[in-house]
Amino acid sequence: MSNFSTIAKITLVELFVQGILYGLYLCSLGHSIRWLLFDDEGWKLRAPKKINRAMFFITIYIFLASTVVFVDTAIVSFLIRWREIPSLVWFDTFTTALVWMSILLIADAVLIFRCWIIFYRSCGVICLPLAAWCACVICNILYIYCHARSLSASNVPGFCSSDGFPLIFYSCNIIVNVYSTLAIVFQLLSAARTIGIGTSRHSLLSVCHIVVDSGVLYTLSSTLLLASFINDSLSGKAGQDFAIPLLTAVLYPLNVFMPAIAFNLILIRVGEQRTNAGIVYVDPLSGGSLSGNT
């Protein structure tokens, strides 16, 4: 199989998977925007002071970044038919990687913030996920540096050709997701035990389900992609076996859109919970209270 044929088929598969996931993401985006901008009951716009602006702007950024990834892949898939491979493949790989990383970094930062809020702004609790997040940022910076050096006439540092960047990045990403999710669930369950039987306890358990469900979606794609990178490193067949890049073409879109969909699902399900009058409201995204009517 020629190099051109391989690239064309892999790009087409990636575009197909991205199209499905992007459509699902847009559906979740529309619902999340509804809960951010409109009153819980009816379709009256919220007062400006009641809009969670931080979550709104983060939601819009994730939408724009996801759209850039999808449009970029679509353009490259179309132009590859004209055999514009050398420059396009480099541009596609570099730009989409940066956008993917930015989505993951922002989503992880929100997750750490939720953990910090739910533990009453205790800095000690978030030391581990914050350190892992900083490691992800460093990997992102080194990735940009290596690509910049590869364009210059100077020699590229030896560490730039290492497989360590994706392994460290996704390992730390998983640490952030798993640790923060488990910490939030532990705190909510502890609060539910102290409250006892009542609507407040039921509400806290519902929030636990929201966090766990979204955390599973959030972590699954990174875990699968990390396993793919480890398999690449151990087998030494990267770029030789068609199955490996094909698998990566499926996992990369999952790694972009699963966190984005999970992010929207939290906004939607917490918004739906707010409509139940007389129960506790816990907003893990903006820092809600663990108290309420029982």
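So the sequence shown is numbered by this note's numbering: it starts at 41 and just counts up by one.
Ideal Cβ placement from N, Cα and C applies to all residues, glycine included.
Residue closest to residue i, alpha-carbon to alpha-carbon, out of the options
i	options	result
Ile208	Cys179, Gln227 and Val218	Cys179
Tyr62	Asn304, Arg233, Ala175 and Leu138	Asn304
Leu229	Leu85, Thr259, Val218 and Val252	Val252
Ile143	Tyr160, Ala232 and Ile98	Ile98
Arg93	Cys212, Ala232, Asp148 and Ile73	Ile73
Leu66	Ala175, Leu104 and Lys84	Leu104
Lys25	Leu76, Ile100 and Trp83	In the structure as shown, the chain starts at 41 and stops at 334, and residue 25 therefore has no counterpart that could be examined.
Beta-carbon contacts of residue i that lie in its chain and below 7 Å, excluding the five residues immediately before and after
i	result
Leu257	Met298, Ile301 and Ala302
Ile50	Pro285, Leu286 and Ala289
Ser268	Leu287, Thr288 and Leu291
Gly255	Asn217 and Thr221
Arg309	Ile250
Ile166	Ile152, Cys155 and Trp156
Leu85	Leu77 and Phe78
Residue i to residue j span [Cα, whole Å]
i	j	result
Thr107	Val196	32 Å
Met95	Phe78	14 Å
Ile250	Gln313	10 Å
Thr234	His242	12 Å
His187	Ile270	22 Å
Phe199	Phe205	9 Å
Val150	Asn217	11 Å
Leu244	Phe226	11 Å
Ile102	Ala87	24 Å
Ile115	Ile60	17 Å
Pro293	Thr113	10 Å
Leu55	Ser261	17 Å
Ile306	Ser117	33 Å
Thr6	Gly311	Because the chain in this structure spans residues 41 to 334, residue 6 falls outside the shown range and cannot be described.
Ile214	Asp148	10 Å
Gly70	Trp156	28 Å
Gly82	Arg154	28 Å
Val111	Cys174	29 Å
Leu64	Ala48	25 Å
Ile91	Ala172	31 Å
Ser162	Cys212	21 Å
Tyr160	Asp203	39 Å
Tyr185	Gly164	32 Å
CB contact flag (residue i, residue j, <8 Å)
i	j	result
Ile181	Ile224	no
Val109	Val296	yes
Asp80	Thr263	no
Sequence-distant residues of its chain with Cβ nearer than 8 Å to residue i (five each side left out)
i	result
Val53	Leu286, Ala289 and Val290
Ala137	Tyr183
Val177	Leu145
Phe100	The displayed chain sequence assigns Ile, not Phe, to residue 100. Excluding sequence neighbours, Ile100 sits near nothing in its chain.
Close-in-space but distant-in-sequence residues of the same chain around residue i (CB under 6 Å, 5 per side omitted)
i	result
Leu266	Tyr210
Trp140	Val296
Pro169	Ile152, Val216, Tyr219 and Ser220
Gln58	Phe110, Thr113 and Pro293
Arg189	Val196
Proximity test, residue i beta-carbon vs the ligand SAH heavy atom, cut-off 7 Å
i	result
Leu257	Only the bare structure without any ligand can be found here, which leaves the ligand SAH out of the picture.
Check: Which runs of the alpha helix (DSSP H) fall wholly inside the segment 163-224 and span at least 4 residues, in chain order?
Finding: 167-191
Next item on the list: Would you mind listing the beta strand (DSSP E) stretches within the segment 78-129 that are 3+ residues and don't spill past its ends, in chain order?
Entry: none
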